[in-house]
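In the working numbering, the protein residues as written are 1 to 179. Glycine included, every Cβ here is placed at the ideal spot set by N, Cα and C. Keep in mind that this is a model prediction, so the values were computed, not measured.
Here's what the structure looks like:
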């Protein structure tokens with residue numbers, strides 16, 4: 001077969017055929033813009049709910065080196081605990097996941113309503129301190145050591161405690177929109 005192919009290409013060599021390519025005519029069309037209706041849903045701007053609450057675990061603490069750091073009378077926000085403090089001081093330490101610095105909803109100096117511990121310890125507290133990083137969804141209520149030894153019910157651990165932002169007259173209502 002290879003001899004036959006050789007003889008065919010020898011007697012009839014391949015030729016290049018050139019075919020002229022026809023170019024299409026240039027056509028330019030100009031369309032005027034027209035309005036197109038687009039339906040975009042409009043969501044109303046909502047105000048943040050004032051009764052947003054968090055369920056946490058509560059414990060009590062007093063300023064001593066075993067329960068705090070090397071300077072127990074200084075809180076995380078730089079405040080100094082009064083020497084003659086009591087449970088009526090109403091200061092609170094919160095876990096890091098609840099502070100805005102770590103993505104939480106609360107700030108230092110903010111007032112919160114605590115409900116569910118006891119009649120003596122429920123009320124409005126100011127956030128001044130941070131708990132150790134191992135705690136999650138917890139609050140620590142500042143009390144005095146002598147109160148814990150005198151009164152029963154002041155020392156312990158309580159679960160299912162409601163923590164709610166306390167509305168402040170000086171803080172304006174901010175509007176927000178869920179995305």
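A check of alpha carbon separations from residue 90 across 11, 125, 7 identifies 125 as the nearest. Taking C-beta atoms as the reference points, residue 113 and residue 164 count as a pair closer than 8 Å.
For residue 53, the enclosing beta strand (DSSP E) stretches over residues 53–61. Contact annotation: residue 92 and residue 122 have beta-carbon atoms that are not nearer than 8 Å. Residue range 2–11 is occupied by the alpha helix (DSSP H) that includes residue 9.
Assigned with DSSP and collapsed to three states, residue 96 falls in helix. Counting only runs of 3 or more residues that sit fully inside the stretch 71–142, the beta strand (DSSP E) segments are 91–94, 111–115, 123–130, 138–142, in chain order.
DSSP, read as helix, strand or coil, puts residue 15 in coil. Only buried fits residue 62, as 16 or more other CB atoms lie within 10 angstroms of its CB. Beyond the five residues adjoining it in sequence on each side, residue 107 comes within less than 6 Å, by CB distance, of 100 in the same chain, given in chain order. Between the alpha carbons of residue 129 and residue 76 lies a gap of roughly 5 Å. Membership of residue 34 in any beta strand (DSSP E) is not indicated, and neither H nor E is assigned to it by DSSP.
Looking at the DSSP output, residue 164 bridges to 53, 113.
Relative to residue 146, the option among 33, 19, 83 whose CA is nearest is 83. According to the DSSP secondary-structure assignment, residue 146 is paired through a beta bridge with no residue.
Residue 19 counts as exposed, since fewer than 16 other beta carbons sit within 10 angstroms of its beta carbon.
Straight-line spacing of the CA atoms in residue 72 and residue 64 works out to 5 Å.
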